[in-house]
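Let me begin by presenting the structure, written as structure tokens, before commenting on it.
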Amino acid sequence: MAELSELTRSTASITSLESLLSSPAEIEPLQKFLRFRLDPTQSMLLAVEEIAAVQTILISDILPVPQMSACVLGMSNWRGESLWLVDLSQQLGFMSIVQQSQRPTNLSAIVVQSDRNALGLVVPGIDEIEEHNPDALRHPSPDLFPQSISLFIKGYFNRDRSVVLNISAVMQDPSLHIHNFNSF
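Just so you know, my numbering puts 215 at position 159 of the sequence shown, and the rest follows in order with no gaps.
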């Protein structure tokens with residue numbers, strides 16, 4: 057009986073040693089994404105490396121600019137520079153952030169940059185940072201999402217249908233450039 061017990065311990069030690077010496081399991085590459093809300097039922101993701109800052113802006117600090125697209129809220133100061141603020145919900149065809157909340161005093165803005173141009177994407181709420189495998193990002197078919205947002209979608213994760221925003225498409229949206237200003 058003692059020999060059987062010794063043999064079992066010896067086999068367990070060899071098995072443990074073999075598992076340590078075997079090649080490691082392939083690690084899934086993960087990328088960080090910030091989840092934010094467009095309205096109470098719809099959220100999107102944005103790759104963290106595309107975000108320059110997340111900040112709270114007082115409504116009183118927004119300088120309205122006349123004769124702009126309805127989704128352009130105005131300008132604000134960011135790091136000593138002028139920052140254009142866009143109501144992302146309204147730009148993507150959802151209810152305006154002003155209509156979603158009664159008399160907001162401050163707003164959440166996700167500041168994104170592209171080619172040295174910054175833009176503040178004002179959203180109703182910012183949730184959390186999540187990790188997803190970027191290789192699992194699927195390109196959307198035209199019939200999968202409403203046309204109002206399909207132009208602004210980089211892709212989605214099939215597992216939970218989380219949609220990833222395409223920052224370049226948002227910043228190049230013709231509705232933001234109706235007066236051909238070069239600040240974006």
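All C-beta atoms, glycine included, are put in the ideal place defined by N, C-alpha and C. All values reported here derive from a predicted model rather than from experimental measurement.
- Exclusion of the five residues before and after residue 170 leaves 223, 224 and 227 as the residues of its chain whose Cβ lies within less than 7 Å of its Cβ.
- Taking every protein chain shown into account, the CB of residue 210 has 16 or more other CB atoms within 10 angstroms, so this residue is buried.
- Residue 216 sits exposed, since fewer than 16 C-beta atoms from the chains shown fall within 10 Å of its C-beta.
- Straight across, the Cα-Cα distance linking residue 208 with residue 102 is about 11 Å.
- Inter-segment contact for the stretch 195-207 and the stretch 103-123 is absent: fewer than three beta-carbon pairs are separated by less than 8 Å.
- For residue 191, the closest alpha carbon among the candidates 233, 214 and 136 is that of 214.
- Taking C-beta atoms under 8 Å as the contact rule, residue 87 and residue 188 qualify, at a distance of about 6 Å.
- Runs of the beta strand (DSSP E) lying entirely within the stretch 129-162 and spanning at least 3 residues, in chain order: 137-143.
- Among the bridge pairs identified by DSSP, residue 164 is matched with 112 and 179.
- The alpha-carbon of residue 163 is positioned some 19 Å away from that of residue 185.
- Following the DSSP letters along the chain, one finds residue 227 inside the alpha helix (DSSP H) bounded by residues 223-227.
- For residue 144, the closest C-alpha among the options 138, 159, 136 and 155 is that of 155.
- Annotated three-state conformation of residue 118 is coil, per DSSP.
- The DSSP-derived three-state label of residue 192 is helix.
- In the DSSP annotation of this structure, the continuous segment of the alpha helix (DSSP H) that includes residue 204 starts and ends at 203-206.
- Between residue 141 and residue 130, the beta carbon gap of about 6 Å places them in contact (Cβ cut-off 8 Å).
- Residue 125 carries a coil assignment under DSSP once its states are collapsed to helix, strand and coil.
- In the DSSP assignment, residue 200 falls outside any beta strand (DSSP E), carrying neither H nor E.
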